[in-house]
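Just below is one structure, and these are the notes that go with it.
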Amino acid sequence: MLINNGQISKEVTPIISPNNSALTHGHSIIEEMRIMGGQIMFWEAHYLKIMASMRMLRISIPMDFTPEFLSDIILSALSESVELNQDALVSFQVYPDALNFMETQYHIHLSALANNSWETSNIGAFEMGLYKDYYLSNNGLSSLPTNNQLISSLASVFAYENDFQACFLINMDKEVAGTNCGSLYMLLDQEIHTAPLSAGAKDSILRKKMNEAIEKDSTYALKTVSISPFSLQKADALCILNISDGVISVTKYRKKVYQGEGFTSFMTQLLLNMTQDSLV
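Heads up: the sequence shown begins at 0 in numbering that gives the first Met the number 0, then just goes up one per residue.
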């Protein structure tokens, strides 16, 4: 399903204007969300994130961009699709008109989920590589959910060419900022390490909620610290978090083989608890 400037359509290949600034200038925000059981997870947090991101990128906020209007139109599109069956991945993209930067255009794409439950996400063997042809910048733009994902896209191609499932991304200081498919969490001596936003880590709502959940739980201490590529091989376990798959257990990096079943189960249970609280 597709919503193009407020118009709902089942056609997912619309005519793209050559004046689309997301294409011509890379000037857009993309916020990914998940619908489960007919409800948008963490909708209030996602809405506030969209508004804050639009202000940072100087995209004019239309008067009708209220939380009620946007959630209603997303759920209306969901209700018109039999295939989605009350569960969907939502990609919300907003950008200024290339001919008039004070005019705002947007589209919202709803697609089916590979797994409707976090518990059924079973990726299997998951070997990682290190992508170091190009580096992420250590600034606020790197952490924003924009459509400028060239380094991540190149890392995906690199992973495919070298038989990896994904790659670690590093910044200008040669620190690990994350991966090309989600936020990185590293278990090391009863501590969970994740990269800070200042290192170029993606500022996703799911990452924020997971960090809060880990801090509330007493099992492990959360450390938002710089991660060295060398420390990856010293880690007890590694996992990746993203909105479509949930928690992915990393099984191998170089010569290190991880036994991360317990850590993955812990992170998945936190995710399930977060989901339940969000949908109440």
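The beta carbon of each residue, even a glycine, is placed where N, CA and C say it ideally should be.
It should be emphasised that the depicted structure is a prediction, and the values quoted were computed from it without experimental measurement.
- A distance below 6 Å between beta-carbons, with the five flanking residues on each side excluded, links Ser20 to the following residues of its chain, in chain order: His26, Tyr94, Pro95 and Ala97.
- If you keep only unbroken alpha helix (DSSP H) runs of at least 4 residues inside the stretch 191–264, you get 204–215.
- If you ignore the 5 residues before and after Met35, its C-beta comes within less than 6 Å of the C-beta of Asp86, all in its own chain and listed in chain order.
- Counted as a single uninterrupted DSSP element, the alpha helix (DSSP H) harbouring Pro66 occupies residues Pro66 to Ser78.
- If you check the CB distance, Glu126 and Thr250 come in under 8 Å.
- Per DSSP, the unbroken alpha helix (DSSP H) holding Val156 starts and ends at Leu149 to Glu160.
- With a cut-off of 8 Å on Cβ pairs, the stretch 152–166 is not in contact with the stretch 190–207, counting fewer than three such pairs.
- The secondary-structure analysis by DSSP pairs Phe167 across a beta bridge with Leu129 and Thr178.
- DSSP places Glu43 in the helix class (H, G or I) of the three-state scheme.
- Collapsing the DSSP output to three states places Asp276 in a helix.
- Counting C-beta pairs closer than 8 Å gives fewer than three between the stretch 58–74 and the stretch 208–215, which falls short of the contact rule.
- Distance from the CA of Asp202 to the CA of Ala165, rounded to the nearest whole angstrom, comes to 19 Å.
- A straight-line Cα-Cα distance of about 18 Å links Met185 and Ser197.
- When the five nearest sequence neighbours on each side are left out, the beta carbons in the same chain lying within less than 7 Å of the beta carbon of Lys255 are those of Gln232, in order along the chain.
- For Leu22, there is no enclosing beta strand (DSSP E); the enclosing alpha helix (DSSP H) has its first and last residue at Ser20 to Thr23.
- If you look at Ser142, you'll find it in the alpha helix (DSSP H) that goes Gly139 to Ser142.
- Going by DSSP, His108 is part of the beta strand (DSSP E) stretching over Asn99 to Ser110.
- The beta carbon of Tyr46 sits closer than 6 Å to the beta carbons of Pro66 from its chain, once the five residues preceding and following it are set aside; these are given in chain order.
- Contact between Phe41 and Ile204 holds, with the beta-carbon distance rounding to 5 Å and staying under 8 Å.
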